[in-house]
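S.K.: Under the working numbering, the first residue of the sequence shown is numbered 1, with each subsequent residue one higher.
Using N, Cα and C, we set each Cβ at its ideal position, and we do this for glycine too.
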Amino acid sequence: MNFPGKKLLRHWFWVLAFKYPRLRLALTRAFVPSREIDVHIFGAPLRINTREEIGLWRASKMADENIIFRDEAASLLNLALLLQPGDTFVDVGANVGLYSSVLARFRNAFPQTKYFAIEPNPQTAARLRQSVGDNGVTVLNLGLSDQSAELAFRTGVTSGVFKVAAPDSPENGVRIRCQRLDSLPVMEGNLVVKIDVEEHELPVLRGATGLFETQRIKVIYLDGYSSDEVPALLRQWGFTLFDGRTLTRCDTEAPRYSLLGIHRTRLQTVNGK
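(1) With a Cβ-Cβ cutoff of 9 Å, do I195 and D223 count as a contact?
(2) Within this structure, are the beta carbons of E198 and R175 separated by less than 9 Å?
(3) Exposed or buried, K19, counting other C-beta atoms within 10 Å across all chains shown (16 or more means buried)?
(4) Apart from the five residues on each side of it in sequence, which residues of its chain come closer than 6 Å, Cβ to Cβ, to E119?
(5) Can you tell which of K163, Q236, T246, R245 has its C-alpha closest to the C-alpha of S226?
(6) Please report the residue range of the beta strand (DSSP E) in which S258 lies.
(7) Measure the alpha-carbon distance for P26 versus E53 and round it to whole angstroms.
(8) How about the stretch 61-71 and the stretch 83-92: do they share at least three Cβ pairs that are nearer than 8 Å?
(9) Rounded to the nearest angstrom, what separates V32 and K7 at their Cα positions?
(10) What first and last residue would you give for the alpha helix (DSSP H) that runs through E229?
(11) From C250 to F242, what distance separates their C-alpha atoms?
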């Protein structure tokens, strides 16, 4: 049932409930049904009671309604678990730096870990620099592809995302300098790479061929991908594929979103072989 002021009433309901524990208990018993249900938080399945674990129930409902809490948080957690001291994290299509800012905390414990955030949109890159501040993340305002050239980008509908414009696009777009990932001299050591490039995934991967062939890339995460060639290409380069949110192994069909690849050499290290 919807009526004017429903959100305001709900807000004050919870303000009073948290201020007065006994009132909270009484209101919970009166208005919250007691049911055993299955929910997902950070990609993990949980069996909860809606009354006894009401906080987790509310959190799961929030996660279901918001992609940041439903998908991004779980993927971030799994990437953090796979990052090792001395790795270099490369955030391709960093936007304003959610992944870079969160994972750069790892540097407080292991200062030898390096971070690079790559963003083609000049305006977004400016906000990215403010987001990461002085926490050790190097921001590169450029695009990545399978060639070193200027490509036309167009602005997406939301979130300031840039997409490489199709050759036959009526939009002129903004010309942005692009390079191959394997041509950047700043990349050192073992790499953990996150890619979110709005349907330009295959050219970006092909532009990293030198890094794949030398087994420098140990972990790769794609927020999404448009080409069916991507999973086969990663397997060809020695990666085992997982759902990035749940770490469920994908030996046959790979998820179209939140695709995580772990190189066999990193898996052998983790498994002590």
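M.R.: Looking at the coordinates:
(1) yes
(2) no
(3) exposed
(4) A94, A125, L128
(5) K163
(6) 257-263
(7) Looking at the sequence shown, residue 26 is not Pro but Ala. About 15 Å.
(8) no
(9) 17 Å
(10) 229-236
(11) 5 Å
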